[in-house]
Amino acid sequence: MSILNILNERKVKRQKSLAILIDPDKVDDLSSLKQLLPMSEECYVDFFFVGGSLMTNNNLSQVVKTIKNLTDIPVVLFPGNTMQIDIRADAILFLSLISGRNPDLLIGQHVVSAPILKGSSLEILPTGYMLVNAESTSAVSYMSNTRPIPPDKDSVATCTAMAGEMLGLKLIYMDAGSGSRQPIPARMISKVRRSIDAPLIVGGGINSSEKAKHALEAGADMIVIGNAIEKDPNLLIEISEKIYDFNKSLNIH
Ligand code: 1GP
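So this is what it looks like as structure tokens:
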């Protein structure tokens, strides 16, 4: 079954998913990644997202290869730009940065990468990507040359998500930015959840099991965690328990 079908099915059943973000630029030594992989399987991690705003060490293919060799957990590319494509991955978030007004990230980079993706077996996941942050100085805002949606502007967020879905995007990803001090407010997550049918991915600044629980309760179908698990891999156990509790209450898992 395709990843998109899996996500749609889970959304209908209200089943939650967990993705770990691996930024290849932060993987200096593959041994820490190799330690995380068996733990991720034990904790029922659903996906690895692989990507970052900047890649200075040319590590992408090594990271994808290591994950694919050592686990069966699907690898989804989360590209910061068109250079971040590796055909060994399972799928790619084909991100249109709909919170911004930078044409290159709404359609330009997609045109450049389309022929490469068409010739690959990667599953393409058309995704409306929305940055939500009070600061316009985060790495992703700087690199994307866009202003994020302010966290108190719920109607801007809901209308943006609705428009993305009406344009045919199949997933909506609300991101506070990697390492954000504040995750996306629960209030905004629930309003966006109620405005769209597409599966809703939420990430950025989720650094405790409580914050994970709030995002899930508010309506995130999938949460994405990067920095916090890099710093403390044991947090994965606590967060996966929250996901397990949610899914158990639905008699799933
Ligand atoms: C960032 O949503 C991801 O794009 C994950 O963010 O690293 O803050 O968990 P963190």
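Using our numbering, read the sequence shown as starting at 102 and increasing by one per residue.
Beta carbons are placed, not taken as given, at the ideal position from N, Cα and C, and that holds for glycine.
Just the C-alpha distance for residue i and residue j, rounded to the nearest angstrom, thanks.
i	j	result
L357	A264	No information on residue 357 is available, as it lies outside the stretch 102 to 354 that the chain covers here.
G306	D276	9 Å
K343	S133	24 Å
I290	L138	29 Å
N203	S245	8 Å
P286	N106	28 Å
M140	K312	21 Å
S242	G181	11 Å
K117	T172	21 Å
V303	F347	16 Å
I324	M267	23 Å
R295	P251	19 Å
Could you check if residue i is buried or exposed, using at least 16 other CB atoms within 10 Å of its CB as the buried criterion?
i	result
V165	buried
E331	buried
P228	Per the sequence shown, residue 228 should be read as Thr rather than Pro. Buried, because 16 or more other Cβ atoms sit within 10 Å of the Cβ of T228.
L351	exposed
D187	buried
P216	exposed
Using 8 Å as the cut-off, classify the Cβ of residue i as near or not near the heavy atoms of the ligand 1GP, replying yes or no.
i	result
N308	yes
N234	no
S281	yes
I340	no
I326	yes
A277	yes
G320	no
L105	no
Practice prompt. Ignoring anything shorter than 4 residues or poking outside the region 198 to 248, list the alpha helix (DSSP H) runs there in chain order.
Written response: 210 to 219 and 240 to 245
Worksheet item: Curious, which full-length beta strand (DSSP E) runs of at least 3 residues does the region 119 to 195 contain?
Response: 148 to 151 and 176 to 178
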